[in-house]
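Encoded as structure tokens, the structure appears first; notes follow it.
Protein chains: 2
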Amino acid sequence: MLSEQMEDYLKAIYRLERDGEPPIATSTIAETLDVTPPTVTSMVEKLADRDLVEREKYKGVTTTAEGETVALEIIRHHRLLETFLTEKLGYDWAEVHEEAEVLEHHISEEFERRVAAALDEPEVDPHGDPIPSEALDPVDDVSATALSEHEEGGRLEVARVRDRDPAELTYLADAGITPGTVLTVDEVAPIGMVTVKLESGAEVSLPDHIADAIQVRRPESERPEDGVSEA
Amino acid sequence: MLSEQMEDYLKAIYRLERDGEPPIATSTIAETLDVTPPTVTSMVEKLADRDLVEREKYKGVTTTAEGETVALEIIRHHRLLETFLTEKLGYDWAEVHEEAEVLEHHISEEFERRVAAALDEPEVDPHGDPIPSEALDPVDDVSATALSEHEEGGRLEVARVRDRDPAELTYLADAGITPGTVLTVDEVAPIGMVTVKLESGAEVSLPDHIADAIQVRRPESERPEDGVSEA
DNA sequence: CTTTTGAATTAGACGTGTCTAATTCCCCCC
DNA sequence: GGGGGGAATTAGACACGTCTAATTCAAAAG
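Chains as they are written, first to last, in the UniProt record's numbering: chain A, 1 to 231; chain B, 1 to 231.
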């Protein structure tokens, strides 16, 4: 699992990228998170080791697709929580931030889903900020069931990998599967597994529970920008 | 603040005390929390340093009144969360434990109050276990307002200190205020402060926000046992 | 093409929570 | 009342996230 701190760094870097110009400087991150620059350097090294950010020494960092996925996930948690606290628990909208800031790191995906459902899949939080959607538009799950139905054989682009377990993210990344990867589903091989073929020709077999985390779309479809700003 | 781990140790020790015979052995705690005995020894030393447990070397530990307060607080969080997840988010009662186990360490007192209110101050959780009450029976708050009204001048016993910030707990403990302490409210001195007099004759002035955390009752009143078992 | 200077990194340290291996202690049994 | 044996503690290590102080780098200024 990613530590709470790693999630915070990723979230901060992602936000800074949207405001200013990437790459993001060490000192900027340090100020944002209220830590010293050496601390940022060492944390950023760890993030880079896990391919969550791209790092150029002395220059700064940018998030990778994978890092961005994590950041969006946390931002989604945050905004969903703010909405929930306001709508369902009667918090004043001004006081939800602190609570959400903590809880965003500790809720499960199950909790996220249930809260979103209870709120009727909201698209903006009480501050009016857009809540990053769980699924990015024309999206399916690469899973035995979902795929045997309609996309089998077709070219698909990985849109997101909805998984917060870095062991699995790393596993997928090592196998060459990250957001942006184009793949085809080869067959719905042994029970409980899915086999996909990458553009490189490599074939990868995945257990269903991992395949389920991969969200895909048709390669050429437009990608409506996901508006995401300050929380 | 207490770490998540410290809270877990306290909760475990508290529970073990209720089952078996105190003092609780190092090895018992180790098994419960799935850590090694040396780890328990070192953690227990820290807990003892903060007066959250009483320790007898080579014998074991028992919780102090202060440690018990923390344990009960966490257990209350846990059971309130289980109830909330079940009632309001449609979780199956069998699957709430994991989620509550994590969240119990991260919700604020505000969240706790609002959840309890939303559930109509429940007294048992979905497993049927009693939810430790926020206030112990005939209880008031030692705060400027609460006290200027009815208990001014009377003898009061400290029932609980509802505060999870150890800096404040330590501050109070150092001042001689812990559960069981008998005190009188001297006057509602400068604005935003409360002055209390201890049996020792010492006078302590407290800012309202700390005084608010102290819950008192009349000294001789019965203390109906707070039924609390497994979660 | 130097020099300067401010930012970034390295070096070395610390507190927390954990571990394994070594040692010490308590207490029961003969 | 001395041994043994099992439990507990000490010793020493490590990963994490953080810090300060020292060093190195890069890019702008001359």
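Glycine included, every Cβ here is placed at the ideal spot set by N, Cα and C.
Nothing here was measured: the structure is a model prediction, and the numbers come from that model.
Item: Limits of the alpha helix (DSSP H) - the one that residue 45 of chain A falls within; Value: 37–49
Item: Proximal chain B residues relative to residue 91 of chain A, where beta-carbon distance stays under 9 Å; Value: 110, 111 and 114
Item: Residue 119 of chain B (DSSP reduced to helix, strand or coil); Value: coil
Item: Collapsed DSSP secondary structure at residue 205 of chain A in the structure displayed; Value: strand
Item: Three or more C-beta pairs below 8 Å linking the segment 52–62 of chain A and the segment 22–34 of chain A; Value: yes
Item: Cross-chain neighbours of residue 106 of chain B in chain A, by beta carbon under 7 Å; Value: 102, 103 and 106
Item: Nearest-angstrom Cβ-Cβ length linking residue 91 of chain A and residue 114 of chain B, presumed shorter than 8 Å; Value: 7 Å
Item: Simplified DSSP state of residue 240 of chain B, which is helix, strand or coil; Value: Outside the displayed range of chain B (1 to 231) lies residue 240 of chain B, so it cannot be described from this structure.
Item: Where the beta strand (DSSP E) containing residue 60 of chain A begins and where it ends; Value: 60–63
Item: Chain B contacts made by the segment 116–134 of chain A, where a contact means CB separation under 7 Å; Value: 118
Item: Boundaries (first-last residue) of the alpha helix (DSSP H) holding residue 56 of chain B; Value: It is not in any alpha helix (DSSP H) - residue 56 of chain B instead sits in the beta strand (DSSP E) that spans 53–56.
Item: Candidates A/18, A/104 and A/21, of which the one nearest residue 74 of chain A by Cα; Value: A/104
Item: Backbone secondary structure at residue 75 of chain B - three-state DSSP; Value: helix
Item: Residues within the segment 70–91 of chain B neighbouring chain A, beta-carbon criterion of under 9 Å; Value: 85, 88, 89, 90 and 91
Item: According to DSSP, residues forming a beta bridge with residue 155 of chain A; Value: A/184
Item: N- and C-terminal bounds of the alpha helix (DSSP H) containing residue 94 of chain B; Value: Note, residue 94 of chain B: premise wrong, no alpha helix (DSSP H); not H, not E.
Item: 8 Å Cβ cutoff, residue 7 of chain A in contact with chain B; Value: no
Item: Residue 131 of chain B, DSSP secondary structure in three states; Value: coil
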